[in-house]
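Only one structure is covered here, and it is reproduced in the block below.
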Amino acid sequence: MNFKVETPGLASVQSALGRLAAEATREAVFSVANEVRTQILVNLSGRVLRVRTSALKRSWSGFPRIQGAPGSPFVVLSSQKIVYARIHEYGGTIRPVSPGVQWLRFKLASGEWRRAREVVIPARRYVSLAVEYARRRVPALVAAAVARARVMLGL
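The opening position of the sequence shown corresponds to residue 212 in this note's numbering, with each subsequent residue numbered one higher.
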């Protein structure tokens with residue numbers, strides 16, 4: 212027994228699904244990146260790090276930029292160069308690097324001056340925590356992105 216199934220309009224359905232997939236992917240990638248950025252700003256508002264100047268927070272004020280091909284976009288989410296951003300995220304030991312200098316000298320938030328041969332900075336993962344938070348929200352963000360793409364494409 213043989214069956215023949217006619218599929219009029221299949222090409223237009225495939226085309227619409229392709230556009231939907233590309234637009235939904237772009238929307239989802241942007242939504243996840245924006246969620247990461249938003250959470251970084253929350254983390255830098257006193258949740259993970261104490262705020263002194265807000266310079267680190269201001270460095271993340273730009274919005275994510277979508278780049279790449281329509282079917283496989285990626286996001287550039289960056290901050291301005293703040294020299295202490297990396298040590299806050301990963302932690303580490305700070306030592307003098309200038310020749311002949313044996314002591315670090317620095318001013319505490321209280322205004323008191325201190326000196327030390329090295330300072331150990333614990334990791335305060337403001338970016339990693341934001342990525343983890345956004346990762347848990349991916350299913351909801353993708354569903355919302357697909358719904359927005361369907362509306363945009365009139366499907």
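Where a beta carbon is used, it is the ideal one built from N, C-alpha and C, also for glycine.
| Check | Outcome |
| --- | --- |
| Beta strand (DSSP E) segment containing Ala327, residue limits | 324-327 |
| When Pro333, Ala345, Val294, Tyr344 are compared against Leu260, the one with the closest alpha-carbon | Pro333 |
| Distance CB(Ala266)-CB(Ile293) smaller than 8 Å | yes |
| In DSSP terms, what Ile293 is bridged to | Answer is none; Ile293 lacks a bridge partner. |
| For Phe317: DSSP bridge partner residues | Arg325 |
| Simplified DSSP assignment, three categories, for Val353 | helix |
| Closest Cα partner of Thr249 within the set Arg237, Leu231, Arg230, Arg269 | Arg269 |
| C-alpha distance - Pro307 paired with Glu343, whole-angstrom precision | 34 Å |
| Rounded distance between the beta-carbons of Ala239 and Ala356, thought under 8 Å | 4 Å |
| Identified DSSP bridge partners for Gly303 | Ile332 |
| Selection from Thr236, Ala358, Ala345 that minimises the alpha carbon distance to Tyr337 | Ala345 |
| Beta-carbon spacing of Ile251, Ala351 below 8 Å | no |
| Residues of its chain near Val349, where Cβ-Cβ distance is below 7 Å and the 5 sequence neighbours each way are ignored | Val243 |
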